[in-house]
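Each number in our numbering comes from the position in the first sequence (counting from 1) with 2 added on. Here is the structure we will look at.
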Amino acid sequence: MPGSAVDRLAAELSELAGAPVELERPAKAEHGDLATSVALRVAPVRGRAPREVAEELAAAAVGLEHVERADVAGPGFLNLWLAGSWFVRTLSEVLDAGPAFGGGFADPVERVQVELVSANPTGPVVVSAARNGAYGDSVARLLEFAGHSVEREYYYNDAGRQMERFRASVEARRRGEEPPEDGYHGEYVRELARAGGDPVPPMLAQIERTLERFRIRFDTWELQSELEEREVPAALARLDTYERDGAIWARTSAYGDDKDWVVIRSTDGKPGYFAADAAYMLRKFGRGFDRAIYVLGADHHGYVGRLKAISRMLGIDPVRVEILVYQLVHLSVRGETTKMSKRHGDVVTLDEFIDEVGVDAARWYLVSRGHDQTIEIDVDLAAERSQKNPVYYVQYAHARIAGILRNAGDAQAGRAPPGELAPEERDVVKRIAEFPRVVRESAERRAPHSIPIYAIRVADDFHRFYHRHRVLGGGESESFRLGLCRAAQTVIARCLDLVGVEAPERM
RNA sequence: GCGCCCGUAGCUCAGGGGAUAGAGCGCUGCCCUGCGGAGGCAGAGGUCGCAAGUUCGAAUCUUGCCGGGCGCACCA
């Protein structure tokens, strides 16, 4: 039977209830191990009293294999107490699956391209782009874990006006002059000036180094200039266009966007950025991807309608073009919120941020908040109190377990407890049993922030269990508890990996 | 003006129709003869921006208003 232990139970109950049952973990222990409110939802439709429906379902539920007790509470909640057999079986599933536990749920399996960061190489990676990377890479990791085939791509423009300004700024420094007013003034411009040659390749190389340090590896790097030469003409032929005021326009307003866009400029007769966007999309799907994911900051959210319109115009199903928008990041340093602008050199770069707080904390902070949320990170706090960061709390749980397993030597991790499980043991098993659902929802919703939040709960439950019960030297419970430790470690390690954070054996 | 995102504890944030709204930090206390104290336990702290609506039930869904962020180029 497919699905997790919780899913299977929910499916069995759905059968009994004649309606889809969602099982939740109640906030209070007296409400059982799992609970559902189906009766409340179903009763009005059937013209019956909720409690009555719940009572019937309770009577049927106790006949199920792993259900020990079923109570009706409140207006019609059904509270379930699980039998010891459920815990044994659940723990066995985790241990048997090992690192694969909770993954492989993609259906159908797709070839997915995730395009992320894609900052033009006019300067070092700044923290808002880092959120793009942390978010996009975690989405990519979730999709990979789900079983999809994923490629990460970095797309950049090496020939636009921004790049001209950038090169001009470097040239100015080489002549010993100040860069133009609208140019780039950062210290890195001086360094590039000293090196000689086109500053773009070294800048790009630096970006790649920074992102690798941030644990993001790209499969492909796409240049807009090459795209324009090779593929813009073909794309133009496929667009729905018209001429006006000496320019060629795309009729995007007829394809869901709120305005039309210039494809060929009247000023110089050259294709504009829109033409490159269209050519780029054709290229993505020409390479055989089932789905193209764009990761964009809120400052580019105006692209959404435009990209969707392009897909319709090109005859590409818009659902295959997925645009993920994340909100911006503010850093506060010494109580002051920094404004990030590459042109004035008054920036906090990703490298500086990593130097300050470490890669693990940097990735954790950037991905543990909902992507729809504008976030503010207090750099001093993150750095100074790094010991108290949630990321270390979770890593500590992992390292602690690693320590126990090291000390365990040849002792075998088992699955069956000698008797009744203690409440803290039940809590750990119930928590890790939630993982498949958490990770699936996180992947489907493109919401990786729920992974670190869940990981904190696992660490919580484990620390509580550890504090209350001995593992090694725990007598006849030792084997079962070692199994519990290994299962918890497996889940924590996976959570950390999904957000690009290391799972240390020692701290 | 139009569009997108957001207003939840002092601060940073979870919570995607259900029970008495949660966590971390900060604040008050308590717990080390033992596997890692980077730990555990307890407490104080809330008109979930405001107002209507839908619902048996709303922080959650709808609408309006208020407040904040970001977009609305023949720029990239």
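Using N, Cα and C, we set each Cβ at its ideal position, and we do this for glycine too.
In the DSSP assignment, Q208 falls within the unbroken alpha helix (DSSP H) covering 202-215. As the crow flies, the alpha-carbon of A495 is around 6 Å from that of A505. Here the alpha carbon of V152 sits roughly 25 Å from the alpha carbon of S227. Cβ atoms of V431 and L93 come within 8 Å of each other, at about 6 Å.
Taking 4 residues as the shortest admissible run, the stretch 140-209 contains the following complete alpha helix (DSSP H) segments, listed from N- to C-terminal end: 163-176, 189-197.
An exposed status is given to K272, since fewer than 16 other beta-carbon atoms sit within 10 Å of its beta-carbon. Between R211 and S481, the alpha-carbon positions lie close to 45 Å from each other. Ranking V141, D382, A489 by CA distance to the CA of V297 puts V141 first. In this structure, E324 sits near R293, with a CB-CB distance shorter than 8 Å. A direct Cα-to-Cα measurement between I295 and R408 gives close to 42 Å. Non-local beta-carbon contacts of V503 in its own chain, meaning distances under 7 Å to residues more than five positions away in sequence, involve D362, R365, W366, V393 in chain order.
Where L225 is concerned, the enclosing beta strand (DSSP E) starts and stops at 222-225. At a cut-off of 4 residues, the continuous stretches assigned as alpha helix (DSSP H) that sit fully inside the stretch 416-460 are 425-435, 437-446. Secondary structure remark: continuous beta strand (DSSP E) runs of at least 3 residues inside the stretch 299-358, in chain order: 323-328, 331-335. Listed in chain order, the non-local C-beta contacts of R459 below 7 Å within the same chain comprise R433, local neighbours out to five positions each way being set aside. Taking V335 as reference, the option from G185, D357, V321, L383 with the minimal CA-CA separation is L383. Within the stretch 74-102, the complete alpha helix (DSSP H) segments of 4 residues or longer fall at 86-99, listed in chain order. Around the beta-carbon of W223, fewer than 16 other beta-carbon atoms lie within 10 Å, marking it exposed. Boundaries of the beta strand (DSSP E) around Q115: 113-117. CA-to-CA, the gap between F287 and Q115 works out to about 9 Å. In this structure, V191 lies near P181, with their beta-carbon atoms less than 8 Å apart. Counting along the chain, no alpha helix (DSSP H) covers V264; the unbroken beta strand (DSSP E) around it starts and ends at 263-266.
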